[in-house]
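Undergrad:
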Amino acid sequence: MAHLNAEELNDLRAALDAELASLEEDLASHGRAIPESSDWQGTTGGLVGEEADPNDAADQMEELATNVPLVEELEKRYKEVAAALNNMEKGTYGVCENCEEPIPLKRLRANPAARTCVVHSK
1 MAHLNAEELN DLRAALDAEL ASLEEDLASH GRAIPESSDW QGTTGGLVGE
51 EADPNDAADQ MEELATNVPL VEELEKRYKE VAAALNNMEK GTYGVCENCE
101 EPIPLKRLRA NPAARTCVVH SK
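No gaps in the numbering here: position 107 of the sequence shown is 107 in full-length UniProt numbering, and each next residue is one more.
1) In terms of residues, what are the limits of the alpha helix (DSSP H) holding N10?
2) Between which residues of its own chain and M113 is the CB-CB distance below 6 angstroms, once the five residues before and five after are set aside?
3) Keeping to the same chain, check which residues put their C-beta closer than 7 angstroms to that of R77; ignore five residues upstream and five downstream.
4) Following the continuous alpha helix (DSSP H) through A110, name the residue where it begins and the one where it ends.
5) Examine chain D for any beta-carbon lying closer than 7 angstroms to the beta-carbon of A15, and answer yes or no.
6) Tell me, to the nearest whole angstrom, how far the beta carbon of L4 is from that of L105; I am working on the premise that it is less than 8 angstroms.
As structure tokens, then:
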């Protein structure tokens, strides 16, 4: 983190905090937290029961089919952002996980949760 000054770190932390809050809102609107773990599960707006209208049940199944992959992607990004914030606390933020070289500020501004330099991003 030595390659980043305090103002740059504060700006990146603010961006990560804002993204984390946005992801939490998106996850809550498309899924639910699983209490036993730190994972999320896609849900529908209601429950499909035996007495549900077949059209409503079909709509809810379609919504679930959309929400499950969406929640998976949101959860993946949520964990990346949370890990970046954790790395800030540990003092290891902004360092490539592969080569241990500093990640350029330009890349961190484009993706504050970046874990690798451009060379190792593939």
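Backbone N, C-alpha and C define an ideal beta-carbon position, used for all residues, glycine too.
TA: In short, the structure shows the following:
1) From DSSP, the alpha helix (DSSP H) with N10 extends over 6-30.
2) Just to set this straight, residue 113 is Ala in the shown sequence, not Met. If you ignore the 5 residues before and after A113, its C-beta comes within less than 6 angstroms of the C-beta of E80, V81, A84, all in its own chain and listed in chain order.
3) Excluding residues within five positions, the ones whose Cβ falls inside 7 angstroms are L23.
4) It spans 105-110 - the alpha helix (DSSP H) in which A110 sits, taken as one unbroken run.
5) Included in the structure is just one protein chain, with no chain D present.
6) So it is a contact: roughly 7 angstroms between Cβ atoms.
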